[in-house]
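To get the numbering used here, take the position in the sequence shown, counting from 1, and add 449. First up is the structure itself, then whatever we jot down about it.
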Amino acid sequence: MTAPERLSAPPVHEYPFTRTTGPVIGAFMPGLREGVIVGIKRPDGSVLVPPTEYDPVTSVALHEVVEVGQSGEVMTWTWVGEPRPQSPWEQPHALAMIRLDGADTSLFHGVLVAGPE
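This is how it looks when you write it as structure tokens:
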């Protein structure tokens, strides 16, 4: 008796669909291109950045897009002295949670700066 032939198929990685961004992400992404950062106002008046389509606490749909500041406060950070292949840069950099002026949540961002000496 002979062993059965092994079947195999090479993996194909693709996303052959077109997707619209919708009104919330559709406001955020072009804003980044234009140098404007927007968030979304929650029913309690707080502002989420980056914006989401639904309130993360109540699940209520959110619609009021608001512009936030270009500066803010670094809430926490880490230094990447030896970048890995998935790092945004091949040179040392920081990864930070930044709360922009006018926002109530922090935005995760890569920061290219001179490192500690």
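Every residue, glycine too, gets a C-beta built ideally from N, C-alpha and C.
With a threshold of 16 other beta carbon atoms within 10 Å, A563 falls short and is exposed. Rounded to the nearest whole angstrom, the C-alpha separation of M546 and A458 is 42 Å.
A residue is called buried when at least 16 other Cβ atoms come within 10 angstroms of its Cβ; V523 does not meet this threshold and is exposed. With a cutoff of 8 Å on beta-carbon distance, I489 and V473 are scored as near each other.
Under the 10 Å beta carbon count, A552 is surrounded by 16 or more other beta carbons and is classified as buried. Judged by beta-carbon spacing, L544 lies within the 8 Å limit of G559, meaning their Cβ atoms are closer than that value.
Q535 has its alpha-carbon roughly 33 Å from the corresponding atom of L456. Shown here, V509 sits in coil according to DSSP, grouped into three states, outside any helix or strand. Per the coordinates, the alpha-carbon of S495 lies some 14 Å from the alpha-carbon of V509. By the 16-neighbour rule on beta-carbons within 10 angstroms, L481 is exposed. By the 16-neighbour rule on beta-carbons within 10 angstroms, F477 is buried. Out of E539, V517, P537, L561, the CA that lies nearest to the CA of S555 is found in V517.
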